Amino acid sequence: MGDEENAVVKFVEGKRFGEWVIAKKLDEGGFGHVYKVPVQVESIKRPGEVAALKAEPNSVEGGSAIKLEIAILRAINENGEKPHIPKVFHAAKHRKYCYMVMTLLGENLKSLKLNCPKELMSPNTWSRIGVQCLYSVKLVHDYGYVHRDIKPNNFVMGYHQDFERARIVHILDFGLARSYATFVSFRDDLWSLYYVLIELHCGLPWQTARDKAKVETMKMNISDKHLVQNFPPELRDIVPYLRTLDCYQRPNYRFLISANMFYDGLVALMKRLGTKPSDPYDWETKEQVEIVLKNTKPAPWENAEQFFKSDPVNIHAPPLQNVEVSETT
82 MGDEENAVVK FVEGKRFGEW VIAKKLDEGG FGHVYKVPVQ VESIKRPGEV
132 AALKAEPNSV EGGSAIKLEI AILRAINENG EKPHIPKVFH AAKHRKYCYM
182 VMTLLGENLK SLKLNCPKEL MSPNTWSRIG VQCLYSVKLV HDYGYVHRDI
232 KPNNFVMGYH QDFERARIVH ILDFGLARSY ATFVSFRDDL WSLYYVLIEL
282 HCGLPWQTAR DKAKVETMKM NISDKHLVQN FPPELRDIVP YLRTLDCYQR
332 PNYRFLISAN MFYDGLVALM KRLGTKPSDP YDWETKEQVE IVLKNTKPAP
382 WENAEQFFKS DPVNIHAPPL QNVEVSETT
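Oh and the sequence shown: position 215 is 296 in the numbering used here, straight run, nothing missing.
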């Protein structure tokens, strides 16, 4: 596999990986594909379960990112009980590629947004999505990692037939993630999440620009006032707060409601709009939601005040020095 084209990992339908079998291709990236993999009929441990298989070649320049992703997902959600984080069921390294079998999920926020009227989500929808995204980012931070690739494509709803996860946002793609250290900051993820919410609500000022140099210039020169001018007032004060942080400070995800910061700002917006967690999202029908709610209990994000108050990694501690993430599977 000398070049990128030859390095792409592809599997045929019916190929088996332990108790999992390739059913069909779901997605493809630069070096690998994602497949739907039902468990084999004769499986006793997981009868009828369906998952996703993701693979990357070992020949990728700089090494396969999937090994890092496996290590982080296992560190955060080894028992599979963490909401918003996929579970790794199985992972292995072969001579030419690495792969993992993980929770099967649904559509990402970018795709869902493009299918909404005017390609924008309603505040009723994105305010709840925002709380879930913030919850997932804090989960990652609570284990000492910075994601470093926060964007709509990397937030994914649950698989529609998986009632426990169907209405839950999941954070994906940890290939660029690093342990909290001098060169990466929790703050960076929250800046990116703020941009995600603006994109879902009204679009970013530079998203139609095609020239990279122009995009960079716009990002560098845009004023805070211009950036938030079409954003709900409950969330406008987040920008000046984020500007006060340096890489040695862990962001406060929860401020006084009067300060209109991230979590409380989103909750305040939901209250003003009269939005309830059980309301249909823009892409759902009332009937679809009723079916899911009959088979599930309220999700943790719906009452997350104590979660956002918690600080398991010590908010005032300086970053760790010279930390490396193990890439073993």
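Virtual Cβ for every residue (Gly too), placed ideally from N, Cα, C. This one's a predicted model, so the numbers in the text were calculated from it and none came from an experiment.
Between the Cα of residue i and those of the options, spot the shortest distance and give me the residue it belongs to.
{"i": "Lys-378", "options": "Ala-290, Ser-260, Ile-249", "result": "Ile-249"}
{"i": "Lys-106", "options": "Glu-94, Gly-99, Glu-100, Phe-98", "result": "Glu-94"}
{"i": "Tyr-224", "options": "Ala-258, Ala-133, Leu-195", "result": "Ala-258"}
{"i": "Tyr-276", "options": "His-114, Leu-193, Leu-215", "result": "Leu-215"}
{"i": "Pro-164", "options": "Gln-213, Val-394, Ile-319", "result": "Gln-213"}
{"i": "Lys-148", "options": "Tyr-226, Glu-162, Phe-255, Val-102", "result": "Phe-255"}
DSSP three-state label for residue i, please.
{"i": "Leu-154", "result": "helix"}
{"i": "Asn-311", "result": "coil"}
{"i": "Gly-187", "result": "strand"}
{"i": "Tyr-180", "result": "strand"}
{"i": "Gly-95", "result": "coil"}
{"i": "Pro-233", "result": "helix"}
{"i": "Pro-164", "result": "coil"}
{"i": "Ala-146", "result": "helix"}
{"i": "Tyr-224", "result": "coil"}
{"i": "Ile-249", "result": "coil"}
{"i": "Ala-380", "result": "coil"}
{"i": "Lys-293", "result": "helix"}
{"i": "Phe-336", "result": "Reliability fails at Phe-336, whose pLDDT of 45 lies under 50, so the model's placement of it is uncertain and no value is given."}
{"i": "Pro-138", "result": "strand"}
If I'm right that residue i touches residue j with Cβ under 8 angstroms, what's the distance once you round it to whole angstroms?
{"i": "Lys-96", "j": "Ala-104", "result": "About 10 angstroms; that fails the 8 angstroms criterion."}
{"i": "Gly-346", "j": "Glu-315", "result": "4 angstroms"}
{"i": "Lys-168", "j": "Met-181", "result": "Going by Cβ atoms, the distance from Lys-168 to Met-181 rounds to 10 angstroms, so no, they are not a contact pair."}
{"i": "Pro-321", "j": "Ile-303", "result": "Going by Cβ atoms, the distance from Pro-321 to Ile-303 rounds to 14 angstroms, so no, they are not a contact pair."}
What does residue i pair with, by DSSP beta-bridge criteria?
{"i": "Leu-117", "result": "For the record, residue 117 in the displayed sequence is Lys; it is not Leu. According to DSSP, Lys-117 bridges with Lys-105, Ala-133."}
{"i": "Gly-239", "result": "Leu-186"}
{"i": "Val-348", "result": "Answer by DSSP bridge pairing: none, since Val-348 is not bridged."}
{"i": "Arg-259", "result": "Val-227"}
{"i": "His-171", "result": "Val-182"}
Original post:
Can at least three beta-carbon pairs, one atom from the region 270-283 and one from the region 164-174, be found at a separation below 8 angstroms?
Top reply: no
Original post:
Can you find at least 3 beta carbon pairs, one from the region 360-378 and one from the region 202-214, that sit closer than 8 angstroms?
Top reply: By the Cβ rule, the region 360-378 counts as touching the region 202-214, because three or more pairs are nearer than 8 angstroms.
Original post:
Taking three-plus beta-carbon pairs below 8 angstroms as touching, is the region 193-206 in contact with the region 265-274?
Top reply: no
Subject >> At least 3 beta-carbon pairs within less than 8 angstroms: the region 148-159 vs the region 188-199 >> reply: no
**OP:** Spell out a yes or no on whether the region 286-299 and the region 225-242 are touching, meaning 3 or more CB-CB pairs, one atom from each, closer than 8 angstroms.
**Re:** no
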